[in-house]
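Here is the structure we will look at, set down as C-alpha cells.
Numbering (our numbering), first residue to last: 2 to 355.
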C-alpha cells in the first residue's frame, strides 16, 4: 500500500500527513517512505518526464514518432543506416570553441539549394568544420540498409515498368526514416556545439521556432536564399528525376513550398546574422551570388542577378496579397528593416562590387 500511495499525486502527501498526525506510532520506515513520496512528487513537477528526455529541438518522443509504421526489423536496419550516416557527417569535425555557425539554405524545391550549399562549403573556409545534414542528400542517399537494399534492388526494378514509380515508392517508404536520421544528427550537433550546414527549404511552420532555439544556443545564423524562375525549378526537378535518377520531391511540395517561400522572407531578415542571395538563370549553369547582407551592410555582387531576385519576390508577393489577403513587406521595406537592425550605414549599398 505504501508504494501505491507514493506513486500518486494525491495519495503521497495525504499518506505522509496521516502517518505524522494521525498514527499513534510512527516507524522510521513509514516516515522514510512518506518523505520519499514527497520527493518523487516534487521531482515530477519540477522535472516532468518530457523535460528530462527533451532535446534542444527534438525530444526522443519526437524522433521516435518518425519511426511509427516501421516493423521492428526495419527499425533495426534504420539504426544501422543512422550509425553509418552519423559517422559520415561527423567524420573529422570538431566542435566550435567560440560562436558556432549555423548555415542553412532557404528556397523552393528545384532552386538548386543542395548544389549551392555544397558550393559554399567548398569555397568558404569559415564553414569547413560544419556538420552537413540533409534528409535527402545526406540521409536518403546513404541509406544502404533500407532505401537501396530493400526498395531499389535489381529484382524490384524488374517488377515495374516505370523506374520513376519505383523511386517514388521507395522515397515514400523511407522518407520518415530519413527525417529521423537527419533530425537525430541535428540534435547531436547542436548539443555538441558543432558548426552546422543544413540542407532545407526553410519554409515549414517550424521556421520561427527553429531559428529562435538555434539563436538561444548561441549560434550565428547564415541563410543562403536560393531563387530562380519557376520554369527553371521544373526543369531541375525533371532532370534530377529522369537523368540523375534520384526522386526526392513530392509534387505537391513543388508548388506549395514555392508559394510559401516569399512568405518566410520577413523571418529570414529578422533572425539571420548574414544572408547570401543566390540567383540561377538555368538549372545546368552555375548560380550567381547576387548580394550579401551582413552586419556591415549590404554588398551587391551582381546587380543584374540582384534585380532578378527582387523582381521574382515582388511578383510572388502580389498574388498572395490579392488572393489570400496576406500582407508581405516590399523588398524596400525588408532592406530598411535590415539596416535598422545593423545600424551601420545610411547608404545600405555602400559596399558594392563594381
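Glycine included, each C-beta is placed from N, C-alpha and C at the ideal position.
Around the Cβ of residue 308, a 10 Å sphere holds fewer than 16 other Cβ atoms; the residue is exposed.
Here the segment 222 to 233 lies against the segment 265 to 280, with 3 or more beta-carbon pairs under 8 Å apart. In the assembly as shown, residue 244 is an exposed residue. Its beta-carbon has fewer than 16 other beta-carbons within 10 Å.
For the pair residue 221 and residue 100, the CB atoms are nearer than the 8 Å cut-off.
Around the beta carbon of residue 136, 16 or more other beta carbons sit within 10 angstroms, so the residue counts as buried. If you look at residue 129, you'll find it isn't in any alpha helix (DSSP H); DSSP assigns it neither H nor E. Inter-residue distance for residue 320 and residue 313 is about 12 Å (C-alpha atoms, whole angstroms).
For residue 281, the enclosing beta strand (DSSP E) covers residues 275 to 281. Selection 251, 246, 237 evaluated against residue 288 yields 237 as nearest (Cα-Cα). Along the length of the segment 121 to 181, whole alpha helix (DSSP H) runs at least 4 residues long occupy 155 to 159, reported in chain order. With respect to the 8 Å criterion, residue 140 and residue 86 are classified as neighbours on the basis of their beta carbons. Burial state of residue 66 is exposed, judged by a 10 Å Cβ sphere holding fewer than 16 other Cβ atoms. Going by C-alpha positions, residue 342 is about 43 Å away from residue 82. A straight-line Cα-Cα distance of about 30 Å links residue 55 and residue 261. Take the alpha-carbon of residue 301 and the one of residue 311: they are about 12 Å apart.
Counting other Cβ atoms within 10 Å of its Cβ, residue 123 stays below 16 and is therefore classed as exposed. Distance from residue 90 to residue 132 at the Cβ level is roughly 5 Å; contact confirmed, criterion being Cβ atoms closer than 8 Å. Cβ-Cβ distances below 7 Å link residue 185 to 64, 83 in the same chain, with the five nearest sequence neighbours on each side left out; the list follows chain order. Here residue 338 has 270 as same chain residues with Cβ atoms under 6 Å from its own Cβ, once five neighbours each way along the sequence are excluded.
Distance from the CA atom of residue 293 to the CA atom of residue 88, rounded to whole angstroms, is 33 Å. Cβ contact annotation for residue 180 (same chain, cutoff 8 Å, sequence separation greater than five): 67, 136, 140, in chain order. Non-local C-beta neighbours of residue 134 in its own chain, meaning closer than 8 Å and more than five positions away in sequence, comprise 90, 140, 183, 186, 187, 190, 197, 198, 199, 200, ordered along the chain. In the DSSP assignment, residue 293 falls outside any alpha helix (DSSP H) and lies within the beta strand (DSSP E) extending over 289 to 295.
In the three-state reduction of the DSSP assignment, residue 71 falls in the coil class.
Relative to the Cα of residue 234, the nearest Cα in the group 95, 71, 58, 115 belongs to 115. Boundaries of the beta strand (DSSP E) harbouring residue 298: 298 to 301, taken from the DSSP string. Here residue 211 is buried. Its C-beta has 16 or more other C-beta atoms within 10 Å. Residue 202 and residue 107 do touch by the CB rule: their CB atoms are close to 7 Å apart, below 8 Å.
Rounded to the nearest angstrom, the Cβ distance from residue 208 to residue 268 is 6 Å, consistent with a contact under 8 Å. Take the alpha-carbon of residue 152 and the one of residue 247: they are about 13 Å apart.
One thing to note: residue 104 has its Cβ within 8 Å of the Cβ of residue 128. Per the DSSP secondary-structure output, residue 103 pairs in a beta bridge with 197, 222.
Boundaries of the alpha helix (DSSP H) harbouring residue 310: 304 to 325, taken from the DSSP string. Residue 291 places its beta carbon 8 Å or farther from that of residue 273.
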